[in-house]
Amino acid sequence: MVSRLNPYLNFSGNAREAMEFYQSVFGGDLTVNTFGQYGADDSPDADKVMHAELETDRGFTLMGADVPSGESYTPGTNVSVSVSGDDLETLRGYWSKLAEGATVLVPLEKQMWGDEFGMCVDRFGIQWLVDIGLPAA
Numbered sequence: 329m330v331s332r333l334n335p336y337l338n339f340s341g342n343a344r345e346a347m348e349f350y351q352s353v354f355g356g357d358l359t360v361n362t363f364g365q366y367g368a369d370d371s372p373d374a375d376k377v378m379h380a381e382l383e384t385d386r387g388f389t390l391m392g393a394d395v396p397s398g399e400s401y402t403p404g405t406n407v408s409v410s411v412s413g414d415d416l417e418t419l420r421g422y423w424s425k426l427a428e429g430a431t432v433l434v435p436l437e438k439q440m441w442g443d444e445f446g447m448c449v450d451r452f453g454i455q456w457l458v459d460i461g462l463p464a465a
C-alpha cells in the first residue's frame, strides 16, 4: 500500500493550459479529466478540468484543477497539499488528525469518481485534500 504527498494547484479556468505548460517544463505524463467526464456534462463547468495529474520521470507529482463556478479563486492562496493512496487505515488516520480543530470543507466520504475524499483547512490555515482510492466494487 502506497501513500504520497504532493502539491495541488487550483486555477481559474486555465488548468489545462497551466498543466500542459508544467509538462513542457518538467516532462512526464499528463492526464486530464473534465467535470463532464465525471457526470457533470450538462453543467457550465463540463469542459473545465476536474483533475489533472502530471507524473514526471524524476518522481515529481503535480496535481491541479479548475475552481468550479460559484467557488472563489484567490491567486496566491490557490495551493493545497494532497495526501492520496490506497492505504485506507493510514489515510483515514491522517484525515482524523488533520480534521481536529479544522474547518471541514468536504467531509471524508465516497465521491462520484469512486474514491473517499475529504477537504479541510487545518487549524494553521493549510488546506488539505485526502483521497483514498477504494477497490472497485
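For the sequence shown, this note's numbering begins at 329 and goes up steadily by one. A virtual CB, placed ideally from N, CA and C, is assigned to each residue, including glycine.
Open item on the list: Could you tell me the alpha carbon to alpha carbon distance between F354 and E348, rounded to whole angstroms?
Closed with: 10 Å
Open item on the list: Less than 7 Å between the C-beta atoms of V407 and P463, yes or no?
Closed with: no
Open item on the list: Taking the straight line between their C-alpha atoms, what separation do you get for A346 and T431?
Closed with: 29 Å
- [ ] Find out if the Cβ-Cβ distance for the pair E383, G413 is shorter than 7 Å.
- [x] no
Open item on the list: According to DSSP, is L462 part of a helix, a strand, or is it coil?
Closed with: coil
- [ ] Name the residue from P435, S352, V409, F339 whose alpha carbon lies nearest to the alpha carbon of R332.
- [x] V409
Task: Alpha carbon of L416 to alpha carbon of G446, nearest angstrom - done: 13 Å
Open item on the list: Assuming Y336 is part of the beta strand (DSSP E), what are its boundary residues?
Closed with: 331–339
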